[in-house]
Amino acid sequence: MIHAAKIEWFDLVVTVNGEQIQRRIPTHLRLLDFIRDELHLTGAKEVCGEGECGACTIILDGKVVNSCLIFAAETHGSAILTIEGLRSAAGLDTIQAAFITEHAVQCGYCIPGMILSAAELLKSKTTPSRDQIRYALAGNICRCTGYQKVVDAVETAGRKP
Ligand code: FES
Ligand code: FES
109 MIHAAKIEWF
119 DLVVTVNGEQ
129 IQRRIPTHLR
139 LLDFIRDELH
149 LTGAKEVCGE
159 GECGACTIIL
169 DGKVVNSCLI
179 FAAETHGSAI
189 LTIEGLRSAA
199 GLDTIQAAFI
209 TEHAVQCGYC
219 IPGMILSAAE
229 LLKSKTTPSR
239 DQIRYALAGN
249 ICRCTGYQKV
259 VDAVETAGRK
269 P
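Residue numbering for the sequence shown follows the working numbering, starting at 109 and increasing by one per position.
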């Protein structure tokens, strides 16, 4: 006889884009699935599902992480920023705007992760060198842009007040 696996549940409290969220979730739920399927924040994407591509990048307590590699339950009590939280009431964030003006977006699949990695870099270094930008974005793989315009965009965003 086959027995169905018993699901264990966890009462998660987490702050996402400044809003406190409480949900009962299965302990095995990945953070990426929690963000996309439970919260309907679909900016973070799944491509490789194994921590290689950076399409699922979010910011967890000020650190750039791959949300496909983390269980949602592990984030209990933490603060999460997704690409949806970067936009302010006034409109696009300066990095988002720079990606548009520098034509750094093609299919767009990698771009939320790229922008969040860039946002963390620009928090600590307002005018990073091109090598520093490349290093900070090394975990975000893009199949379309060739990276040159992405680096241009982050450089432009860094120069903005
Ligand atoms: S989907 Fe998470 S790193 Fe590729
Ligand atoms: S713009 Fe298509 S993968 Fe980066």
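Where is the CB? At the ideal position from N, CA and C, for every residue including glycine.
Annotation: the segment 111-187 contains the following complete segments of the beta strand (DSSP E) (minimum length 3 residues), in chain order: 117-124, 127-134, 165-168, 171-174.
Taking C-alpha positions only, G170 is separated from E228 by approximately 7 Å.
Applying a distance threshold of 6 Å between residue Cβ atoms and the heavy atoms of ligand 1 selects E154, V155, C156, G157, G159, E160, C161, G162, A163, C164, N174, C176, given in chain order. Put simply, the segment 114-125 touches the segment 180-192. At least three CB pairs are less than 8 Å apart. Distances taken from the Cβ of Q214 to the heavy atoms of ligand 2 include one shorter than 6 Å. Annotated three-state conformation of L245 is coil, per DSSP. Per DSSP, reduced to three states, the secondary structure at L194 is helical.
DSSP places L224 inside the alpha helix (DSSP H), whose first and last residues are 219-232. G162 is positioned such that its CB atom lies no closer than 7 Å to that of G254. Proximity of the beta carbon of R251 to ligand 2 is indicated: a heavy atom of the ligand is located closer than 6 Å. Just so you know, the alpha carbons of G193 and K114 end up roughly 35 Å apart. In this structure, Y217 has its beta carbon less than 6 Å from a heavy atom of ligand 2. Inclusion of A261 and T202 in the CB contact set at 7 Å is not warranted, their separation being larger than that value. With a beta-carbon spacing of about 5 Å, V259 and R238 fall inside the 8 Å limit used to define contacts. Here the alpha carbons of K257 and S175 stand approximately 26 Å from one another.
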